[in-house]
Amino acid sequence: VGHKVIAVPCSAEGVLVVDAVSGTWSMLSGYSDSTPMKFTTCAAVGHRVVAVPFGASGILVVDSAINDVFLLPGYSDKAADKYYTSAVVGSKIIAVPDSSEDILVVDAASDTWYTLAGFATQGDFKYGTSAAVGSIVIAVPRYAD
655 VGHKVIAVPC SAEGVLVVDA VSGTWSMLSG YSDSTPMKFT TCAAVGHRVV
705 AVPFGASGIL VVDSAINDVF LLPGYSDKAA DKYYTSAVVG SKIIAVPDSS
755 EDILVVDAAS DTWYTLAGFA TQGDFKYGTS AAVGSIVIAV PRYAD
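For the sequence shown, position 8 matches number 662 in this note's numbering, and the numbering has no gaps at all.
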């Protein structure tokens with residue numbers, strides 16, 4: 655984001671910020687979790703980076719303009735392997751399911767989220783990567799039906 659690289663934690667405990675101009679790095683305070691496999695995907699919208707949960711129970715937001723990190727209120731899902739990949743359309747991050755049966759939509763402009771329920775594909779390891787083409791998100795199957 656700008657001249658900063660934001661690294662959200664997969665199995666690390668916190669959020670890493672690398673300043674490519676000054677050649678320095680720091681760990682953001684405000685988030686610490688030693689749980690493995692928390693986040694496997696994130697997306698930047700403006701000066702924010704949003705990490706959707708893989709094994710984590712919440713949605714992580716990093717505001718690079720003020721070096722703040724927080725979890726979006728209201729989302730809590732203790733299931734494992736929820737979302738593996740995501741893509742950006744406008745201010746929205748679309749997270750396609752790994753083992754979840756819902757598609758997660760996070761609006762980075764308003765700090766809100768909702769799910770698109772009723773996704774028919776069952777099982778784990780559904781989609782391995784995704785990309786936005788205009789306003790459409792294309793997800794490439796790993797083991798999806």
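C-beta: ideal position from N, C-alpha, C; glycine also.
Proximity winner among Val-675, Gly-677 and Ala-697, relative to Val-662 (alpha-carbon distances): Ala-697
Any contact between the region 705-719 and the region 684-694? By contact I mean 3 or more CB pairs, one from each, below 8 Å. yes
Helix or strand or just coil, what does DSSP make of Thr-689? Taken through DSSP and simplified to helix, strand or coil, Thr-689 comes out as coil.
Just mark Tyr-738 as buried or exposed, buried being the case when its beta carbon has 16 or more other beta carbons within 10 Å. Label assigned to Tyr-738: buried.
Quick check: the Cα distance between Gly-788 and Gly-744, rounded to an integer number of angstroms? 9 Å
Would you list the residues sitting across from Cys-696 in a DSSP beta bridge? Ala-705
Just confirm the distance between the C-beta atoms of Pro-751 and Lys-732, as a whole number of angstroms; I'd bet it's less than 8 Å. About 16 Å separates the two Cβ atoms, so there is no contact after all.
CA-to-CA distance, Ser-730 to Tyr-797, given in whole angstroms: Answer to the nearest angstrom: the Cα atoms are 26 Å apart.
Pull up the distance between the alpha-carbon of Val-759 and that of Ala-771, whole angstroms please. Approximately 11 Å, taken between the alpha carbons.
Taking buried to mean at least 16 other C-beta atoms within 10 Å of its own C-beta, is Ser-754 buried or exposed? buried
Thinking C-alpha only, which one of Ser-764, Asp-761, Asp-687 and Lys-736 is nearest Asp-778? That would be Lys-736, whose Cα lies nearest to the Cα of Asp-778.
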